[in-house]
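4 protein chains.
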Amino acid sequence: MRQKVDINCDLGESYGHYKIGYDEQIMPHITSANIACGFHAGDPNIMAQTVTLAKKYKTAIGAHPGFPDIQGFGRREMKLSSEEVRNLVVYQIGALQAFTKASGMPLQHVKPHGALYNMAMKDALLAKAVVGGVEAVDSKLIVFTQTKSEMAKVAAKAGLRVAFEVFADRAYNSDGSLVSRAMAGSVIEDPKTVTKRAIEMVKERHVVAVDGKTIDLGEVDTICVHGDNLKAVALVRALRKGLEKAGITVTAVGKFV
Amino acid sequence: MRQKVDINCDLGESYGHYKIGYDEQIMPHITSANIACGFHAGDPNIMAQTVTLAKKYKTAIGAHPGFPDIQGFGRREMKLSSEEVRNLVVYQIGALQAFTKASGMPLQHVKPHGALYNMAMKDALLAKAVVGGVEAVDSKLIVFTQTKSEMAKVAAKAGLRVAFEVFADRAYNSDGSLVSRAMAGSVIEDPKTVTKRAIEMVKERHVVAVDGKTIDLGEVDTICVHGDNLKAVALVRALRKGLEKAGITVTAVGKFV
Amino acid sequence: MRQKVDINCDLGESYGHYKIGYDEQIMPHITSANIACGFHAGDPNIMAQTVTLAKKYKTAIGAHPGFPDIQGFGRREMKLSSEEVRNLVVYQIGALQAFTKASGMPLQHVKPHGALYNMAMKDALLAKAVVGGVEAVDSKLIVFTQTKSEMAKVAAKAGLRVAFEVFADRAYNSDGSLVSRAMAGSVIEDPKTVTKRAIEMVKERHVVAVDGKTIDLGEVDTICVHGDNLKAVALVRALRKGLEKAGITVTAVGKFV
Amino acid sequence: MRQKVDINCDLGESYGHYKIGYDEQIMPHITSANIACGFHAGDPNIMAQTVTLAKKYKTAIGAHPGFPDIQGFGRREMKLSSEEVRNLVVYQIGALQAFTKASGMPLQHVKPHGALYNMAMKDALLAKAVVGGVEAVDSKLIVFTQTKSEMAKVAAKAGLRVAFEVFADRAYNSDGSLVSRAMAGSVIEDPKTVTKRAIEMVKERHVVAVDGKTIDLGEVDTICVHGDNLKAVALVRALRKGLEKAGITVTAVGKFV
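Chains as they are written, first to last, in my numbering: chain A, 20 to 276; chain B, 20 to 276; chain C, 20 to 276; chain D, 20 to 276.
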């Protein structure tokens with residue numbers, strides 16, 4: 020069983036005068052940064068700064084494309100054609116790639132954002148559009164998604180590398196989906212519990228769902244964390260230390276997937 | 020004296036449901052297409068279509084970055100910092116480059132749009148910001164501008180290749196600037212007159228200004244034309260034929276600059 | 020049976036440099052203008068011009084609010100909360116009302132645009148949000164919708180006046196819905212046929228569906244027409260003359276609903 | 020000498036998921052709220068919430084229109100035509116007025132934001148465009164500006180009521196302008212000093228500039244304060260108490276101008 024895992028976080032989600040996220044604080048502790056590309060969040064200046072920050076801490080960079088909806092932060096479902104989705108993925112990857120190129124950094128992966136991520140997990144047509152966009156730009160890019168999702172199937176079929184992500188700080192339903200944030204107990208805040216779950220996820224490839232059932236996670240490549248508050252940042256520090264103490268190598272997914 | 024010239028035109032300036040320009044009609048007759056990148060005009064779908072169209076006619080492709088102002092079509096001056104200008108240039112070039120890469124086409128040049136073009140011609144600081152953005156992405160890109168402009172000086176100093184553009188269908192003031200469109204006679208519509216002027220511009224490197232004075236144009240690499248009405252398209256066909264008849268090779272600027 | 024009908028058309032859907040619609044040509048022939056409010060189309064300048072044009076021809080004015088999506092022309096479904104929908108309706112009505120007030124014109128009605136119109140016809144919750152927005156600003160505003168729709172029910176329940184609209188140039192399915200534009204024969208272009216259908220709709224309150232079945236239209240208050248091409252404009256002229264010749268008074272819906 | 024003064028603050032400047040400003044904390048302590056209208060900040064939902072909050076604390080409401088530039092927070096100069104400026108002012112006032120109407124609150128005033136405010140202070144043509152927009156919607160609205168500005172002259176000439184504003188927490192140059200925020204000592208943070216200055220401003224109509232010269236402020240109707248951090252909120256509480264202790268009535272400007 021592989022003893023390696025990546026830690027990924029959404030970053031660069033500020034916009035102009037509006038600041039969100041403790042990017043400076045979280046960057047040193049993660050191994051893959053999903054950088055917003057200006058459609059749901061981020062702008063050219065924020066992107067430049069975030070790429071510079073990632074370079075400073077040698078964090079691998081991924082594009083984090085979303086729906087064109089700053090006001091809704093890319094969390095509102097939009098019904099776009101496959102053509103439209105493919106092209107907005109191409110556009111956003113390209114925009115970020117110009118900044119990574121300018122910094123001499125490679126682009127490692129693509130992780131769709133918010134409603135686009137969720138919809139593409141379930142909708143094969145949409146997944147094909149997203150994967151088509153990724154392939155069009157660079158077929159060496161790794162796609163982040165959850166195991167058993169349409170995205171995972173479509174990306175694998177297209178011959179793209181896939182990184183399977185898990186959520187150590189979120190409760191799971193027994194069908195493998197995440198318990199809605201609206202439910203009590205959906206988010207786990209205790210660093211020890213989260214770390215314990217993460218170690219189990221990486222080493223055993225399973226997690227215990229809210230109904231007590233043990234779920235097989237298939238492959239586990241990257242743990243998704245958050246950096247939007249200081250408590251979350253502290254949790255990530257603890258999580259990383261805990262993983263390393265348990266003999267797991269925390270490293271960018273591009274090195275082992 | 021070199022007997023070669025490029026013909027460039029702004030294209031891909033439609034937006035969503037809104038159509039502008041006879042892109043299909045003009046593309047076969049030009050050698051360099053300046054494609055809008057989504058900030059002043061264009062969107063990911065229009066960009067994809069326009070790149071495909073350029074590929075069909077083997078027209079060389081350039082990025083046409085503008086201010087973030089669809090409503091003003093990038094023609095309204097905005098006072099941005101050097102950092103902001105550099106980054107919006109990087110972003111827009113990158114976005115277009117993803118589409119050219121997806122089509123297996125190279126990116127030949129960058130021509131700023133509207134207010135950004137005009138301001139960078141006169142303002143050395145702004146010119147530096149634009150050139151900095153181009154360099155950051157790819158120092159092999161050719162910069163389009165007018166002779167004696169700040170852009171020309173800054174780009175040359177940075178070691179970038181520069182293509183000097185002329186306007187065969189526009190009257191010139193004796194200081195080398197264009198007569199304002201608000202003035203009668205500022206735009207020349209007769210295909211024969213335009214062709215005659217263009218030939219003189221390419222072969223003699225000069226043009227006669229409105230006050231009768233002959234102006235030295237320095238170098239002449241590319242002629243800017245328009246495709247926003249069918250008359251303009253007919254003019255370009257006539258112009259190209261006239262140039263070729265006069266022994267001038269009409270070819271993409273990347274082949275000779 | 021009432022022998023009066025209104026003719027309504029979407030107008031003011033240009034945006035900045037982008038022109039759509041023959042507003043000047045169509046305005047004299049209609050009695051109610053649905054003016055875009057800047058979210059799916061239109062901008063403050065276009066709104067000012069369109070209100071001035073409506074005033075010139077004494078055409079009644081309505082707000083035409085849409086989803087915040089210029090690129091998609093408000094035709095792409097977006098999943099917004101009731102709160103968001105209510106507020107975007109309030110906002111857009113208010114913005115237009117400032118221009119009508121400045122012109123000394125009253126605001127007669129509200130007709131949602133595109134995806135918002137279609138979704139609110141079927142979704143009671145969304146219809147409530149739209150109606151809630153209208154009521155919040157002015158409970159004397161008339162709501163345009165189709166008979167038997169959720170919008171019609173919700174608006175009536177709220178005590179708002181409703182204008183039922185029909186589409187004389189569109190084929191109907193036997194369930195009262197419009198035949199998709201993707202189907203052959205969905206749009207009727209012959210002025211005589213359209214006029215004949217319109218007269219029947221107004222006088223008999225029914226229309227013959229594509230399968231030959233006669234559909235009861237309930238009430239018929241306003242006929243929706245289009246002004247996006249010159250043929251459409253000619254059709255509207257013919258339609259209006261035909262209606263008047265048949266003894267039907269063509270007048271703004273606010274005068275009789 | 021009048022012993023009354025208003026305290027105004029910019030509010031409702033959040034945008035979608037992005038939060039700025041301690042609106043809840045500051046609202047009880049001010050008498051006039053300048054609410055962003057969706058062009059430089061704010062969106063329909065934020066506007067609805069901010070109007071509700073103002074109603075709760077009986078704070079008078081003003082429109083705070085800005086340039087169409089969320090990314091630049093309305094602080095970047097844009098060169099628009101008079102027509103464009105007039106219309107964007109009309110639009111934004113109307114949009115906010117729909118929310119105040121829905122809440123049964125009157126609209127008291129208009130205070131342009133950021134670059135629009137600063138430019139209209141110095142540029143008579145721009146000031147005319149702004150004032151023209153205000154007048155077009157409602158000539159009873161009060162215009163906020165600084166004494167001796169072009170805005171003040173133009174608004175007075177148009178017969179509009181003007182509220183002259185001062186900045187108790189900012190250092191003044193001897194020509195009456197504010198010391199640039201880039202200079203040390205430009206912002207005064209000590210509540211006692213700010214309160215002392217404010218009392219002097221209201222009672223004596225003057226302030227001591229950085230070079231020691233005493234400047235005549237002409238009329239003083241409203242003191243501009245900030246609510247973007249908790250220290251600023253505390254300062255406003257202290258300021259209001261200090262003014263009242265000094266026998267000055269703190270009340271909305273609409274009651275005495």
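Positions of the beta carbon are idealized from the N, C-alpha and C atoms, including for glycine.
The three-state reading of DSSP puts F118 (chain D) in helix, counting H, G and I together. S51 (chain A) is bridged by DSSP to A:N27 and A:A79. Annotation: the continuous alpha helix (DSSP H) that includes E154 (chain A) extends over A143 to V156.
Ranking B:V156, B:M202, B:Q90 and B:A73 by CA distance to the CA of Q44 (chain B) puts B:A73 first. Under the three-pair Cβ rule at 8 Å, the region 20-33 of chain B counts as touching the region 43-58 of chain B.
Beta-carbon to beta-carbon, A82 (chain B) and L115 (chain B) are separated by about 5 Å, close enough to satisfy the 8 Å threshold. In this structure, G152 (chain D) lies near V109 (chain D), with their beta-carbon atoms less than 8 Å apart. Per DSSP, reduced to three states, the secondary structure at T241 (chain A) is strand. Chain A has a Cβ within less than 8 Å of the Cβ of G91 (chain D).
The DSSP-derived three-state label of E184 (chain A) is strand. Sequence-distant partners of Y76 (chain C) (beyond 5 residues in either direction) whose C-beta falls short of 6 Å from its own C-beta, in its chain, are M46 and P47. For D42 (chain B), the uninterrupted alpha helix (DSSP H) segment begins and ends at D42 to I45. Put simply, the CB of E96 (chain C) is near chain A, with a gap under 8 Å to one of its CB atoms.
L126 (chain B) is bridged by DSSP to B:I80. In the three-state reduction of the DSSP assignment, M202 (chain D) falls in the coil class, being assigned neither a helical nor a strand state. In the structure shown, V162 (chain B) adopts extended strand secondary structure according to DSSP, grouped into three states. Residue state for T270 (chain D) is assigned as coil, using DSSP reduced to three classes.
According to DSSP, Y110 (chain C) shares a beta bridge with no other residue.
Taking A190 (chain C) as reference, the option from C:V173, C:H132, C:L249 and C:V229 with the minimal CA-CA separation is C:V229. Under the 8 Å criterion on CB atoms, E32 (chain D) is classed as non-interfacial with respect to chain C. Burial state of K264 (chain B) is exposed, judged by a 10 Å Cβ sphere holding fewer than 16 other Cβ atoms. Chain A has no Cβ within less than 8 Å of the Cβ of H83 (chain D). For the region 168-198 of chain D, no residue has a beta-carbon sitting nearer than 7 Å to a beta-carbon of chain C. L145 (chain D) has a beta carbon lying at 8 Å or more from every beta carbon in chain B. For a Cβ distance threshold of 9 Å, residue set D88, Q90 and G91 of chain D lies close to P87 (chain B), ordered along the chain.
Any Cβ of chain D closer than 8 Å to the Cβ of I39 (chain A) would place that residue at the interface, and such an atom is present. Distances from the alpha-carbon of V185 (chain B) to those of B:E219, B:K250 and B:L144 put B:E219 closest. Contact between L107 (chain D) and V129 (chain D) does not hold, since their C-beta atoms are separated by about 12 Å, which reaches or exceeds 8 Å.
Per the Cβ contact rule, the region 87-103 of chain D is not in contact with the region 211-227 of chain D (fewer than 3 Cβ pairs under 8 Å). A Cβ of chain C is located within less than 8 Å of the beta carbon of G35 (chain B).
Under the Cβ distance rule, D62 (chain D) counts among the residues neighbouring chain A, one pair being separated by less than 8 Å. Neighbours of L99 (chain B) across chain D, judged by C-beta separation under 8 Å: G91 and R95. Among the residues facing chain D, Q165 (chain C) is not included, as its CB has no counterpart in that chain under 8 Å away. Nearest to L145 (chain D) by alpha-carbon distance, out of D:F86, D:D188, D:V156 and D:L249, is D:F86. Closest in alpha carbon position to L236 (chain B), among B:L249, B:K250 and B:A217, is B:A217.
For T164 (chain B), the closest C-alpha among the options B:V181, B:S158 and B:K176 is that of B:V181.
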